[in-house]
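At position 71 of the sequence shown (counting the first as 1) the number is 71 in the UniProt record's numbering, and the numbers step up by one without a gap.
Beta carbons: idealized from backbone N, C-alpha and C, even for Gly.
Everything on this sheet refers to the single structure shown next.
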Amino acid sequence: MAESARQIADELRDRIQSGELAPGARLPGEPALVREYGVAKETARRALTLLVTEGLAVRRRGSGTYVREFRPIRRVANRRLAQEGWGSGRSIWAADLGERPLSVTDLKVYETTAPDHVARVLNLAEDTPVVIRDRVFVVEGEPVQAATSYLPAELVRDTAIAQPDTGPGGTYARLAELGLKPVRFTEELRARMPSQAEAERLHLAEGTPVVEIWRTAFTEDDRAIEVNKMLLDAGVYVMEYHLNS
Numbered sequence: 001m002a003e004s005a006r007q008i009a010d011e012l013r014d015r016i017q018s019g020e021l022a023p024g025a026r027l028p029g030e031p032a033l034v035r036e037y038g039v040a041k042e043t044a045r046r047a048l049t050l051l052v053t054e055g056l057a058v059r060r061r062g063s064g065t066y067v068r069e070f071r072p073i074r075r076v077a078n079r080r081l082a083q084e085g086w087g088s089g090r091s092i093w094a095a096d097l098g099e100r101p102l103s104v105t106d107l108k109v110y111e112t113t114a115p116d117h118v119a120r121v122l123n124l125a126e127d128t129p130v131v132i133r134d135r136v137f138v139v140e141g142e143p144v145q146a147a148t149s150y151l152p153a154e155l156v157r158d159t160a161i162a163q164p165d166t167g168p169g170g171t172y173a174r175l176a177e178l179g180l181k182p183v184r185f186t187e188e189l190r191a192r193m194p195s196q197a198e199a200e201r202l203h204l205a206e207g208t209p210v211v212e213i214w215r216t217a218f219t220e221d222d223r224a225i226e227v228n229k230m231l232l233d234a235g236v237y238v239m240e241y242h243l244n245s
């Protein structure tokens, strides 16, 4: 009996995870899968697409489908937001990447009226301006995350936070210097499919989901000081949390 696309993808995934198919190796093409498994071409295509959407494989136009060489990013929320990191001048990305290269593209820093939902979280009056920092983070040449931060303009407009380069430790270090040190954070996560514009911005393969995270930073007096919307390529992230009972 012919196997399903999911069964074929499972077998190919096992071969990838065992190392039989190494990073950069070419996966069997649709004709080979049709012959090996006795399935229709569309079933073979769906099997390969499943691996692409999981972040295990990439398609190269006119060449085939290959095992993805990009190593997953392990995002440990508890560690990346620890004060000993940004408080000592390190980027919060250092906790995720170690020595892996990081760059920022499509950076825009501007002031505008706060969206309604952001104004509610920041406890701002209607039409209150915020400083927005909008950018895409690129790791080893691959866009992995788009992020948009919102901060009350009256507090940060004449500071490094409103400049392209916020300096060592980033936004949280600058807030601390202003007497607005973040001491706790909340994050809300959901998985969804991206819009066309989002998929193009992150160079996502067709059918690849994203993880949307809304993070709010709070000061010691429980004031919400920053809202950050992050959109992550679900195929390149492992989310890790350390929870105490």
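For residue i and residue j, I'd like the C-alpha separation in whole angstroms.
{"i": "residue 61", "j": "residue 89", "result": "42 Å"}
{"i": "residue 207", "j": "residue 83", "result": "37 Å"}
{"i": "residue 156", "j": "residue 239", "result": "31 Å"}
{"i": "residue 159", "j": "residue 110", "result": "13 Å"}
{"i": "residue 315", "j": "residue 59", "result": "Since the first residue shown for the chain is 1 and the last is 245, residue 315 is missing from the structure and cannot be characterised."}
{"i": "residue 244", "j": "residue 77", "result": "14 Å"}
{"i": "residue 165", "j": "residue 175", "result": "14 Å"}
{"i": "residue 228", "j": "residue 91", "result": "16 Å"}
{"i": "residue 162", "j": "residue 129", "result": "13 Å"}
{"i": "residue 57", "j": "residue 63", "result": "13 Å"}
{"i": "residue 114", "j": "residue 224", "result": "14 Å"}
{"i": "residue 116", "j": "residue 69", "result": "41 Å"}
{"i": "residue 34", "j": "residue 41", "result": "6 Å"}
{"i": "residue 101", "j": "residue 71", "result": "12 Å"}
{"i": "residue 25", "j": "residue 99", "result": "25 Å"}
{"i": "residue 75", "j": "residue 181", "result": "22 Å"}
Compute the beta-carbon to beta-carbon distance between residue i and residue j, rounded to the nearest angstrom, for a pair I have assumed lies under 8 Å.
{"i": "residue 285", "j": "residue 73", "result": "Residue 285 cannot be examined here, being either before or after the span of the chain that is shown, 1 to 245."}
{"i": "residue 106", "j": "residue 136", "result": "5 Å"}
{"i": "residue 3", "j": "residue 52", "result": "Actually they are not in contact, since the Cβ atoms of residue 3 and residue 52 sit about 19 Å apart, beyond 8 Å."}
{"i": "residue 67", "j": "residue 31", "result": "No, residue 67 and residue 31 are not in contact; Cβ-Cβ is about 19 Å, not under 8 Å."}
{"i": "residue 12", "j": "residue 27", "result": "6 Å"}
{"i": "residue 226", "j": "residue 150", "result": "7 Å"}
Using a Cβ-Cβ cut-off of 6 Å (strictly less than) and excluding sequence neighbours within five positions of residue i, which residues of its own chain qualify?
{"i": "residue 55", "result": "235, 236"}
{"i": "residue 134", "result": "108, 148"}
{"i": "residue 103", "result": "138"}
{"i": "residue 193", "result": "209"}
Leaving aside the five residues before and after residue i along the sequence, list all residues of the same chain whose C-beta is less than 7 Å from its C-beta, in chain order.
{"i": "residue 241", "result": "77, 78"}
{"i": "residue 86", "result": "92, 169, 170, 172, 173"}
{"i": "residue 153", "result": "111, 129, 130, 131"}
With a CB to CB cut of under 8 Å and the five nearest residues on each side skipped, what residues in its chain are close to residue i?
{"i": "residue 191", "result": "209, 210, 211, 212, 234"}
{"i": "residue 8", "result": "33, 37, 39, 43, 44, 47"}
{"i": "residue 178", "result": "155, 156, 159"}
| request: Tell me, please, whether the region 183 to 201 touches the region 213 to 231 by the rule of three or more beta-carbon pairs shorter than 8 Å. | output: yes
| Between the region 113 to 124 and the region 196 to 205, are three or more C-beta pairs nearer than 8 Å? | no
| Where are the beta strand (DSSP E) runs, 3 residues long or more, that stay fully inside the region 13 to 42, in chain order? | none
| said: Assess contact between the region 225 to 234 and the region 142 to 150, defined as three or more Cβ pairs (one per stretch) separated by less than 8 Å. Is contact present? | reply: yes
| said: Assess contact between the region 165 to 174 and the region 14 to 22, defined as three or more Cβ pairs (one per stretch) separated by less than 8 Å. Is contact present? | reply: no
| task | For the region 78 to 132, list the alpha helix (DSSP H) runs that are entirely contained and at least 4 residues long, ordered along the chain. | result | 83 to 86, 94 to 97, 116 to 122
| said: Restricting to runs no shorter than 3 residues, where is the beta strand (DSSP E) found entirely within the region 161 to 205? | reply: 184 to 192
| query | What are the complete beta strand (DSSP E) segments, minimum 3 residues, inside the region 53 to 82? | reply | 57 to 60, 64 to 67, 73 to 76
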